[in-house]
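Notes follow the structure.
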DNA sequence: GCAGGATTGTCGGGCTGGACACCGAACACC
DNA sequence: GGTGTTCGGTGTCCAGCCCGACAATCCTGC
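In structure tokens, the structure reads:
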């Protein structure tokens, strides 16, 4: 059933409009009622009643009146999220720990809990226990009601059902046990989604995706994943199976990929490839090389490899650009370590690999969310569900 | 300005709900008020008032009561579009003619007008004159008010502004003259869009895209284009620049493409490639070969080439599948001539080039719209604009 | 032939929530 | 101190969905 064919009623209209107001605040930062009214093209009174409800619910609060020089008239009182508003428990997985955090609607990380756990080898039961413990620690310190729990899983999962269909880095996450265990333990809604998609939501709520209708958030490093926000909505596709940009063909008869296909982008643009090339070129410490180290080396031979790395990354990004014409590409993971130098190289190579009419429409940015991209993404899962602006 | 931040009012609620009802009728065919109510999960009375408005506006009509055996109770009176409802003037471009048609909301082609015109060499003025004449001929015979004019252009264009940024097959369409000329001549809204995207809309309204949330409509043959319907909405991307699937890289250091890039999918999956291969293999009449002729040949050597053609097509389609996980791929153009044999081959090759968890989620279909895909797509442009279900 | 059940479509009252016009409050400028 | 501008709030109106009840129509079973 594609079109749910759900009719709108005046009941839903209120929810939708409240969500729209919240979204506008997220996209633009603190705004007064009058600002919101201008933005939406409606009388101030309309916003007034909507905002009143949000303030009474404890979601928004009024800042002190702004006294800007040269501004005539009554000073505006900007509205902004309370710091205990929209609290989400966010979970993601490190190599040897389960990380959880309490995040508010502003994107502030209020509490962190780290539970040691060998995620790559832990059994489902061990993993469930670690996640439940981490979430519990976060919930205990919460100053207000928590909306729900978001879990970003590095693997294929269907958010509609909460079932993880498989995960390479965290095999124990497979199945539906994780979300069920947390839901049973704390009675909260649990949202599970792929980590790359969650990162995209993190960018949409708290990062450089705010106010951008169409962008792609690309995870680089060991694997290549992508989260797409298209026309303002996170795109999940049928069964939540999207984002396998890493396994698009960039060489018809290319090298075998670990996934069983051949010529995947992952065979030429991951750390595995980079390190193999570095070894071939006899660069020092090739086995532990990454973008940051490559930039730090700075030798001519290292720089040459950096350019090729950038070019190979651009190949896959160009596919995104040609097919979807996003306004921005936000890069996560290893590339961030390469800094502005690598970013500029990737952007340059991308332009050369894009059609003329697309060349100037896209900008490449390094994610500003840094280490917390996964956690903020997991929080975004909850916020998007709770404040869905869908209609 | 991503999120328009437009609030909903009780005024719009009516429009939205009317659109939803129309869309449901489109997706499911004739439905009674009770059917619609069940589908939407609302009381029959609600649908009743909505339907009443649509009937009074002359959009819908009641069919005769259905008398099905074994059905107790009052027989239902299905609602369906009147044959003069939702009339659109649709325009597309053939090699040596401008084609126009009057299409209703059912997808019936009521009138056709063909104006001879060498579209590949005609000046902008000549092309405008031909289009205006064709549209005029269609409008003259219209039994009721026409909602608007849809024009499907084989090229890059931005539907938001009506500006065609460039067209290989129809260079004279470039600029904004076409839509302005028609708008001035007849005072109707004019919608211009890329032909591959329009075809996708045609499938969504009248073809095998009905009721499918996420599908891709792929044009094959001389060029390779794609129209994407994602989560029920046609995806246009920033500036309407999407759909250049043909220029995604399938070979990092591949052959030069006419677009200036290298290793594009178009270099290995178009008729140009097919004919070059056929010539190399000394197949008869290689210069005029197409999928239909290749299947008709049926020789072992021809069949081998057919398999490679299918495989090369599958490369680009696999990119769509890995990245977007659509439920269906609808193929247009040359491939349709290859019939079920070629379709099955493409589907088989696509499965082999897709990740395991995506393999079974997608079906490959040949478009059933046939020659009228472009015209029906152009009509879909108008209907989508007029009956936008956006909220 | 006729009662009973089932299904469909319609009518009026109730409720939610935005649109509109107007008011007081706060500040800049003269 | 007066005037103009901007901001936020209040009360009334109205569109449109929800719910309950009712007439119309047809099938089944005796």
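Chains as they are written, first to last, in my numbering: chain A, 1 to 391; chain B, 1001 to 1391. Every residue gets a Cβ at the ideal spot worked out from N, C-alpha and C, and that includes glycine.
query, result
"Secondary structure of residue 106/A, DSSP reduced to three states", "coil"
"Chain A within 8 Å of residue 971/B, Cβ atoms only", "Since the first residue of chain B shown is 1001 and the last is 1391, residue 971/B is not available in this structure."
"Sequence-distant residues of its chain with Cβ nearer than 7 Å to residue 132/A (five each side left out)", "181, 182, 185"
"Same chain, Cβ closer than 7 Å to residue 1278/B, neighbours up to 5 away in sequence not counted", "1286, 1289, 1305"
"Residue 252/A and residue 1308/B closer than 8 Å at C-beta", "no"
"Beta-carbon spacing of residue 332/A, residue 379/A below 8 Å", "no"
"With 16 other Cβ atoms within 10 Å as the buried cut-off, status of residue 367/A", "buried"
"Cβ of residue 350/A within 8 Å of any chain B Cβ", "no"
"Cβ neighbour criterion (16 or more within 10 Å) applied to residue 360/A", "exposed"
"Cross-strand partners of residue 1062/B (DSSP beta bridge)", "1079/B"
"Residue burial classification, residue 1023/B (beta-carbon count within 10 angstroms, cutoff 16)", "buried"
"Contact residues within the segment 148-165 of chain A, judged by C-beta distance below 8 Å to chain B", "156, 165"
"Validate contact between the segment 222-236 of chain A and the segment 254-274 of chain A using beta carbons, cut 8 Å, 3 pairs", "yes"
"Min CB distance residue 1011/B to chain A below 8 Å", "no"
"C-beta atoms of residue 164/A and residue 149/A nearer than 8 Å", "no"
"Status (buried if at least 16 other CB within 10 Å, exposed otherwise) for residue 1219/B", "buried"
"Distance cut-off 7 Å: residue 277/A Cβ against heavy atoms of the ligand ATP", "In the structure on display, the ligand ATP does not appear, and there are no ligands present to speak of."
"Chain B contact for residue 16/A (CB, 8 Å cutoff)", "yes"
"Option in 1311/B, 1243/B, 1381/B, 1202/B with minimal Cα separation from residue 1351/B", "1311/B"
"Nearest residue (CA-CA) to residue 80/A, options 109/A, 113/A, 118/A, 27/A", "27/A"
"Host alpha helix (DSSP H) of residue 1055/B (start-end)", "1044-1056"
"Under 7 Å (Cβ pairs) to chain A, residues found in the segment 1236-1255 of chain B", "1237, 1238, 1239, 1241, 1242, 1244, 1245, 1247, 1248, 1249, 1250, 1251, 1252"
"Nearest candidate by alpha-carbon position, reference residue 1087/B, set 1100/B, 1104/B, 1074/B", "1104/B"
"Where residue 1234/B falls: helix, strand or coil (DSSP)", "strand"
"Helix, strand or coil at residue 151/A [DSSP, three-state]", "strand"
"Whole-angstrom distance between residue 30/A and residue 84/A, CA atom to CA atom", "16 Å"
"Contact between the segment 1194-1205 of chain B and the segment 196-209 of chain A (3+ Cβ pairs under 8 Å)", "no"
"C-alpha distance - residue 1003/B paired with residue 1039/B, whole-angstrom precision", "Confidence is the limiting factor: at residue 1003/B the pLDDT is only 44, short of 50, which leaves the residue's position unreliable, though a coordinate-based value still follows. Those two C-alpha atoms are separated by around 29 Å."
"Whole-number beta carbon distance between residue 1017/B and residue 7/A, since they are thought to touch under 8 Å", "5 Å"
"Chain-ordered neighbours of residue 233/A on chain B, where CB pairs are closer than 8 Å", "1231"
"CA-to-CA distance, residue 1078/B to residue 1047/B, given in whole angstroms", "13 Å"
"Collapsed DSSP secondary structure at residue 71/A in the structure displayed", "coil"
"Residue 1321/B, enclosing alpha helix (DSSP H) - first and last residue", "1300-1324"
"Per-residue burial, residue 334/A [other beta carbons within 10 Å of its own, 16 or more giving buried]", "buried"
"Alpha-carbon spacing of residue 208/A relative to residue 117/A, whole angstroms", "32 Å"
"Cross-strand partners of residue 1332/B (DSSP beta bridge)", "1219/B"
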